[in-house]
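Peer 1: For the protein sequence lines, the chains are G and X, in the order given.
Residue numbers are given in this note's numbering: position 138 of the first sequence equals residue 138, and the series is strictly consecutive.
If you count the second sequence from 1, you need to add 246 to reach this note's numbering.
We put the CB at the ideal spot given by N, CA and C, even for glycine.
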Amino acid sequence: MDDSKRDGRDSGEYALKVRDETTRYVKELLDENAKLRGRVSELESELGRFDGEKKTLEQRLSLMEIESRRQLSQFVDVEMQNANVANLYVASFRLHGTLEREEVLAAIREIVINLIGSEELAVFELDGSGAVLRLVSSFGVDEKRWRHVVVGDGIIGRAAQTGDLYVASPGNAAADRAAGEESLTACIPLLLDGKVTGAIAVFRMLEHKRGLEDVDHELFGLLARQAATALYCSSLQERIAAAGLG
Amino acid sequence: MQKKKILLVDDSATALMMEQMVLGKDYDIVVAKDGAEALKVAVAEVPDLILLDVMMPKMGGFEVCRILRNLELTKAIPIILVTTRGEAKNVEAGYASGASDYVTKPINNRELLTKIQRHLGSANGSGNESR
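#1: Does Glu79 of chain G come within less than 8 Å of chain X when only Cβ atoms are used?
#2: Cα separation between Glu32 of chain G and Glu42 of chain G?
#3: In the DSSP output, what is Arg134 of chain G paired with across the bridge?
#4: Rounding to the nearest angstrom, what Cα-Cα distance links Ala15 of chain G and Gly8 of chain G in this structure?
#5: Can you grab the Cα-Cα spacing for the pair Ile325 of chain X / Lys271 of chain X, in whole Å?
#6: Quick one, which residues of the stretch 109-121 of chain G are near chain X if we go by CB-CB under 8 Å, in chain order?
#7: Can you tell which of X:Met247, X:Glu333, X:Val255 and X:Lys251 has its C-alpha closest to the C-alpha of Met302 of chain X?
#8: For the stretch 69-95 of chain G, list every residue whose C-beta sits within 9 Å of some C-beta in chain X, in sequence order.
#9: Ser183 of chain G by DSSP, collapsed to three states: which one?
#10: Can you say whether Gly157 of chain G is buried or exposed, counting buried as having 16 or more other CB atoms within 10 angstroms of its CB?
#11: How is Phe139 of chain G classed by DSSP in three states: helix, strand or coil?
#12: What three-state label does DSSP hand Gly163 of chain G in the structure shown?
#13: Residues in the same chain with beta-carbon distance under 7 Å from Gly152 of chain G, minus the five sequence neighbours each way, listed in chain order, please.
#14: How long is the line joining the alpha carbons of Ile353 of chain X and Thr56 of chain G, rounded to whole angstroms?
#15: Taking Met302 of chain X as the query, report the chain G residues whose CB atoms sit under 7 Å from its CB, ordered along the chain.
#16: Can you check whether the C-beta of His208 of chain G is within less than 8 Å of a C-beta belonging to chain X?
#17: CA-CA distance, Leu190 of chain G and Ala230 of chain G?
#18: Tell me, please, which residues DSSP counts as bridged to Val349 of chain X.
#19: Helix, strand or coil for Thr197 of chain G, going by three-state DSSP, please let me know.
#20: Give me the chain G residues within the contact set of Glu338 of chain X, using Cβ-Cβ distance strictly less than 8 Å, ordered along the chain.
#21: What does the Cβ neighbour count give for Asn316 of chain X, buried or exposed, with the cut at 16 atoms within 10 Å?
#22: Measure the beta-carbon distance from Glu218 of chain G to Ala259 of chain X and round it to whole angstroms, keeping in mind my assumption that it falls under 8 Å.
#23: Along chain B, in chain order, which residues have C-beta atoms closer than 7 Å to that of Asn355 of chain X?
#24: Per the DSSP calculation, Pro189 of chain G is bridged to which residue(s)?
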């Protein structure tokens, strides 16, 4: 065999070998590619599952946030109710903690100043005729002006006449108010067994107080009934003591 | 852990009772019903904090505050003034007398507790900004 024939055969074998190796290599690549596609598909499916879980967790988180806000709001409400109950308890305790008339009047003043928030107040009792309110205690107001109020006159006189609580608001500015009643915030008729025995006039509120709250209305109601009873009991006690029966 | 001690000073039994109800669970309470008694109790008890009413007969809260600030034993005690007058002029006068803080009447329980905690740390803890 001459050299040229041998070279031709070697080249052919080499070409076949390269072709076979290339074919195998491509096949391997295709196999690997198929595996990777499978893995990508698996990961995409996992990602979808994670997305679902994420959405579920986000929904749960959102529900928990709503629940947390609701509980916080409930906590604030309960705390406020506790504070209000404490206010009412203290007011009631102070009114009925003594039979001394001056102590009862001091308690009324302190409740208005410390719990309601006004340093201008007047406490009246009906005189024997039932036609005139007589000033029995005051704080921060002109005593001469408020020494007497005729029942039926002005807001205070009308509250004593009707037994209805008066609370000032932008909508109920009384046209027929008496002189000095411009700054009146509330007039609380004192009620004993449904009968009016006097009234507490609360004038200007403290400057930083931003208006009346629910507990203030509760305190008005408490004062209307319990202050009247406490004053009545203390007067009775005075009479008993004066008669030498105490 | 020992409770911290607060001196409440007010001539109003209603205010004292209210403050005791709010603070009595977490703090040891001592009370004084006027300025002169407040000075005596503050020196005798050396409380961790004083809640001091401004408007009192004979000796008002500002004067009590000034005296306490000049006494070695009490000069570092945080003093929170309780005032019915929340306007700036009055508040400034309170700080000028040596007060650490103030609250207005009617007292907001949450605000009072927050301010006390600010000066004392938690009721049984050791945090204290003022002393």
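Peer 2: In terms of the structure at hand:
#1: Stepping through the first sequence from its first residue, residue 79 of chain G is reached at position 79. At least one chain X Cβ lies under 8 Å of Glu79 of chain G.
#2: Taking the first residue of the first sequence as position 1, residue 32 of chain G is located at position 32. Taking the first residue of the first sequence as position 1, residue 42 of chain G is located at position 42. Glu32 of chain G and Glu42 of chain G: Cα-Cα distance of roughly 15 Å.
#3: Residue mapping note: residue 134 of chain G aligns to position 134 of the first sequence, counting from 1. Paired residue(s): G:Glu125 and G:His148.
#4: What you label residue 15 of chain G is simply residue 15 of the first sequence in a count that begins at 1. What you label residue 8 of chain G is simply residue 8 of the first sequence in a count that begins at 1. Approximately 11 Å between the Cα atoms of the pair.
#5: On the second sequence, position 79 is the one that residue 325 of chain X refers to. On the second sequence, position 25 is the one that residue 271 of chain X refers to. The C-alpha of Ile325 of chain X lies about 20 Å from the C-alpha of Lys271 of chain X.
#6: If the cut-off is 8 Å between Cβ atoms, the stretch 109-121 of chain G has Glu110, Ile111, Ile113, Asn114, Leu115, Ile116, Gly117 and Glu119 near chain X.
#7: Counting from 1 along the second sequence, the entry for residue 302 of chain X is found at position 56. It is X:Val255.
#8: For the stretch 69-95 of chain G, residues whose beta-carbon sits nearer than 9 Å to a beta-carbon of chain X comprise Val76, Glu79, Met80, Asn82, Ala83, Ala86, Asn87, Tyr89, Val90, Ala91, Phe93 and Arg94.
#9: On the first sequence, position 183 is the one that residue 183 of chain G refers to. Three-state DSSP puts Ser183 of chain G in coil, outside helix and strand.
#10: The residue given as residue 157 of chain G occupies position 157 in the first sequence. With 16 or more other Cβ atoms within 10 Å, it is buried.
#11: Within the first sequence, residue 139 of chain G is the residue found at index 139, counting from 1. If DSSP states are grouped into helix, strand and coil, Phe139 of chain G belongs with the strands.
#12: Here the question's residue 163 of chain G lines up with position 163 in the first sequence. Collapsing the DSSP output to three states places Gly163 of chain G in coil.
#13: For the purposes of this step, residue 152 of chain G is identified with residue 152 of the first sequence, where counting begins at 1. Once the five neighbours on either side are set aside, the close Cβ partners of Gly152 of chain G are Arg158 and Gln161.
#14: The residue given as residue 353 of chain X occupies position 107 in the second sequence. The residue given as residue 56 of chain G occupies position 56 in the first sequence. Computed Cα separation, rounded: 46 Å.
#15: Within the second sequence, numbered from 1, the residue matching residue 302 of chain X stands at position 56. Going along chain G, no residue has its Cβ under 7 Å from Met302 of chain X, so there is no contact; the nearest lies around 13 Å.
#16: Taking the first sequence and counting its residues from 1, the one referred to as residue 208 of chain G is at position 208. It does: the Cβ of His208 of chain G has a partner Cβ on chain X nearer than 8 Å.
#17: Within the first sequence, numbered from 1, the residue matching residue 190 of chain G stands at position 190. Within the first sequence, numbered from 1, the residue matching residue 230 of chain G stands at position 230. Their backbone Cα atoms lie some 10 Å apart in a straight line.
#18: Numbered from its first residue, the second sequence carries residue 349 of chain X at position 103. Its beta-bridge partners are X:Val328.
#19: Counting from one through the first sequence, the residue named residue 197 of chain G turns up at place 197. Reduced to three states, the DSSP call for Thr197 of chain G is strand.
#20: Reading the second sequence from its first residue, position 92 is the one you call residue 338 of chain X. Neighbours of Glu338 of chain X on chain G: none; closest Cβ ~15 Å, over 8 Å.
#21: On the second sequence, position 70 is the one that residue 316 of chain X refers to. Asn316 of chain X comes out exposed.
#22: By 1-based counting over the first sequence, the position of residue 218 of chain G is 218. By 1-based counting over the second sequence, the position of residue 259 of chain X is 13. So it is not a contact: roughly 20 Å between Cβ atoms.
#23: The question asks about chain B, but that chain is absent: this structure's protein chains are G and X.
#24: Counting from one through the first sequence, the residue named residue 189 of chain G turns up at place 189. For Pro189 of chain G, which the question treats as bridged, DSSP gives the partners G:Ala199.
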